[in-house]
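> Following this message is one structure expressed as structure tokens.
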Amino acid sequence: MSALDVLFGPPSKSIQVSHFIRAANEADGESNVPSVGSISRNEWSELAESRRKDVEDECRVDDLRSTLNEVIENPRLMAHVTRTHEATVHAIHEAADTSNRRKRKRPVIPEPAEQHPEVATLRQQLEASKLRSWPTNAALFIRPPRQADHNALINAKRLAFATGDASPQQALIFVTVYNPISWGHRQLGRASQHVFLSSQSLGDIFDAIPCTSHEIMHDNVQRGSQATGTGDRPVIGGQGGAVIFMDGQLYGDGQSAKDYADKYLEYLSGLPERRRIQGSKATPMHDTPLDSLDIRLHTPHWILHAGDCIHHITFDQIRLLHPEDPPPDAYPLTTQITPPLLDLCRACNKVPAVLAIVGDVRLGESPFVICRPCWKWMGPPRGDDADEVSVVSLPKHEFGWSA
1 MSALDVLFGP
11 PSKSIQVSHF
21 IRAANEADGE
31 SNVPSVGSIS
41 RNEWSELAES
51 RRKDVEDECR
61 VDDLRSTLNE
71 VIENPRLMAH
81 VTRTHEATVH
91 AIHEAADTSN
101 RRKRKRPVIP
111 EPAEQHPEVA
121 TLRQQLEASK
131 LRSWPTNAAL
141 FIRPPRQADH
151 NALINAKRLA
161 FATGDASPQQ
171 ALIFVTVYNP
181 ISWGHRQLGR
191 ASQHVFLSSQ
201 SLGDIFDAIP
211 CTSHEIMHDN
221 VQRGSQATGT
231 GDRPVIGGQG
241 GAVIFMDGQL
251 YGDGQSAKDY
261 ADKYLEYLSG
271 LPERRRIQGS
281 KATPMHDTPL
291 DSLDIRLHTP
301 HWILHAGDCI
311 HHITFDQIRL
321 LHPEDPPPDA
331 YPLTTQITPP
341 LLDLCRACNK
351 VPAVLAIVGD
361 VRLGESPFVI
371 CRPCWKWMGP
381 PRGDDADEVS
391 VVSLPKHEFG
401 WSA
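The sequence shown: position 255 = 255 (UniProt numbering), numbered continuously.
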């Protein structure tokens with residue numbers, strides 16, 4: 001995790017969403033200039049058939065695609081390219097590193113004494129390429145893949161609920177959700193990205209966030225001789241209350257007369273003066289449309305729910321709804337979900353764990369996460385402490401994680 005991943009900003013000036021929509025629609029109505037997309041489509045449709053074919057032939061990249069496919073489909077060529085690429089990237093990073101740290105030597109897999117004719121031909125083609133880069137400066141543009149670069153979704157995901165105004169005269173608001181990283185102090189990692197209509201509410205943002213706390217199992221503890229770990233129980237959806245803190249305002253869930261906003265204010269009142277943050281209770285989150293807010297882009301706000309589960313959200317972009325965007329009834333949309341990191345079975349270290357074992361002296365630690373086959377092979381607990389052993393099924397990550 002790079003330090004750049006946990007930095008936000010610089011924050012924008014405060015944007016009154018309703019004023020932005022009104023001003024942007026007025027400016028768009030006064031402008032007689034068609035959009036760039038419509039200009040491109042009109043010009044393309046007006047070209048003669050022969051001219052369009054010439055442009056398509058000139059812009060075609062089939063030769064590059066076929067060359068790449070030939071390399072990828074050939075294990076011998078792909079192994080050579082992968083090995084060469086990794087060695088080159090490592091050399092660039094080592095040359096750019098000016099620190100005095102002890103550098104770890106990377107094991108080098110030598111090329112065969114006699115190269116296969118296919119490999120030799122590919123190597124000559126690559127060496128003949130006129131594309132070059134500055135080896136030292138190239139390190140500034142190369143980074144290893146991160147967990148947040150992955151996406152559990154193949155396509156943008158429409159959520160089950162759709163609220164808000166169906167009018168096209170409104171804005172789209174792009175939101176990114178960050179979660180604290182368990183192994184880093186005060187570090188955050190991107191968890192998901194979403195798109196909302198300005199007529200939707202803060203409560204819709206909370207409802208759209210995929211979270212492992214939504215998957216807390218209900219009545220899934222098995223004890224003693226019954227601790228086989230073979231039963232499955234349904235999961236609970238997002239329950240237990242929530243509060244969103246934005247610019248000194250606490251937006252509770254409104255589920256009860258004393259919701260999370262009231263409870264958090266009560267908690268603050270018990271803190272020393274120097275540790276208190278200034279906050280006051282606002283309207284319930286589901287009764288607070290986004291177009292009633294003043295937002296600042298790239299400024300983190302936090303959400304607390306399920307007791308101690310915290311998320312941070314930032315507003316990344318606000319713009320008018322475009323005719324080529326999905327219709328208003330398609331929102332909110334989820335565009336990216338970072339796959340959750342699963343704990344491996346501590347017995348075999350090969351597959352994700354699905355059970356947590358509590359109180360079993362045979363395992364050496366408690367709780368002990370384990371896969372179902374390994375737990376089956378160990379057999380049920382025996383001895384005087386067998387009745388104290390508990391088996392808890394881990395969340396399956398089924399609520400909101402896939403398209």
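A virtual CB, placed ideally from N, CA and C, is assigned to each residue, including glycine.
So what does DSSP say about Q200, is it helix, strand or coil?
Three-state DSSP puts Q200 in coil, outside helix and strand.
> Report the three-state DSSP secondary structure of R190 (helix, strand or coil).
Three-state result, R190: strand.
> How big is the Cα-Cα spacing for A171 and V55?
So the alpha carbons of these two residues sit roughly 36 angstroms apart.
> By how many angstroms is the C-alpha of I205 removed from the C-alpha of E43?
Taking the straight line from one Cα to the other gives about 40 angstroms.
> State the DSSP-derived secondary structure class of N137, mapped to helix, strand or coil.
The answer is helix: DSSP assigns N137 an H, G or I state.
> Note down the Cα distance separating L197 from F245, rounded to an integer number of angstroms.
About 20 angstroms.
> Reducing DSSP to helix, strand and coil, say where S393 ends up.
In this structure, S393 counts as strand in the three-state DSSP scheme.
> When you compare only the Cα positions, how much space is there between A138 and A91?
The straight-line gap from Cα to Cα measures roughly 11 angstroms.
> Can you pull the DSSP bridge partners for D294?
Partner(s): Q16.
> Whole angstroms are fine: how far does the CA of H397 sit from the CA of G379?
One C-alpha to the other measures close to 27 angstroms.
> What does the alpha-carbon distance come out to for the pair H286 and R319?
About 22 angstroms.
> Using only alpha-carbon positions, find the residue among C309, P75, E388 that is nearest to E215.
Among C309, P75, E388, the Cα nearest to that of E215 is on C309.
> If you run the structure through DSSP and keep just helix, strand and coil, what is A208?
A208 falls in the helix class under three-state DSSP.
> Quick one: using the 10 Å Cβ neighbour count with 16 as the cut-off for buried, is G252 buried or exposed?
With 16 or more Cβ atoms within 10 Å of its Cβ, G252 is classed as buried.
> Do you know how far the Cα of Y178 is from the Cα of D5?
Note that D5 scores 48 on pLDDT, short of 50, meaning its location in the model is unreliable and no value can be drawn from it.
> Within this structure, are the beta carbons of S182 and I209 separated by less than 9 angstroms?
No, Cβ-Cβ distance for S182 and I209 is not below 9 angstroms.
> With which residues is C309 paired in a DSSP beta bridge?
In DSSP, C309 forms a bridge with H305.
> To the nearest angstrom, report how far apart T314 and H301 are at their CA atoms.
Going from the Cα of T314 to the Cα of H301 covers about 6 angstroms.
> Ordered along the chain, which non-local residues of its own chain (more than five positions away) have a Cβ less than 6 angstroms from that of A3?
For A3, the pLDDT reaches just 45, beneath the cut-off of 50, and the residue's location in the model is therefore unreliable, although a value from the coordinates is still provided. If we look at A3 and ignore the five residues flanking it on each side, it has no Cβ neighbours.
> From S199 to G279, what distance separates their C-alpha atoms?
Straight-line Cα distance between these residues: approximately 25 angstroms.
> The beta strand (DSSP E) spanning N179 covers which residue range?
Start and end: 171-180.
> Using a Cβ-Cβ cutoff of less than 8 angstroms, which residues in the same chain neighbour H93 once the five nearest sequence positions on both sides are dropped?
Same-chain partners within the cutoff: A139, I142.
> Distance, Cα to Cα, E388 vs T335?
Looking at the two C-alpha atoms, the distance is approximately 45 angstroms.
> For T338 and L290, I'd like the C-alpha separation in whole angstroms.
So the two alpha carbons sit approximately 25 angstroms from each other.
> Report yes if the CB atom of Q255 is closer than 9 angstroms to the CB atom of K281, and no otherwise.
Against a cut-off of 9 angstroms, the Cβ pair of K281 and Q255 comes out as no contact.
> With which residues is Y251 paired in a DSSP beta bridge?
I244, per the DSSP bridge assignment.
> Rounded to whole angstroms, how far is the Cβ of H150 from the Cβ of L122, which I believe are closer than 8 angstroms?
H150 to L122, Cβ: 30 angstroms. No contact.
> Nearest CA to the CA of R158: which residue from L341, W377, L333?
Looking at the Cα atoms, L333 is the closest of the given residues.
> Straight-line CA distance for V71 to E86?
Spanning the two alpha carbons is a distance of roughly 16 angstroms.
> Express the C-alpha separation of L342 and A24 in angstroms, rounding to a whole number.
Cα-Cα distance, rounded: 45 angstroms.
> Would L202 be called buried (16 or more neighbouring beta carbons within 10 Å of its own) or exposed?
L202 is buried by the Cβ-count criterion.
> From this set, H19, A166, R382, D259, which residue's C-alpha is nearest A330's C-alpha?
If we check each option's Cα against that of A330, A166 comes out closest.
> With distances taken between CB atoms, is the gap from V17 to I173 smaller than 9 angstroms?
In contact: V17 and I173 (Cβ atoms closer than 9 angstroms).
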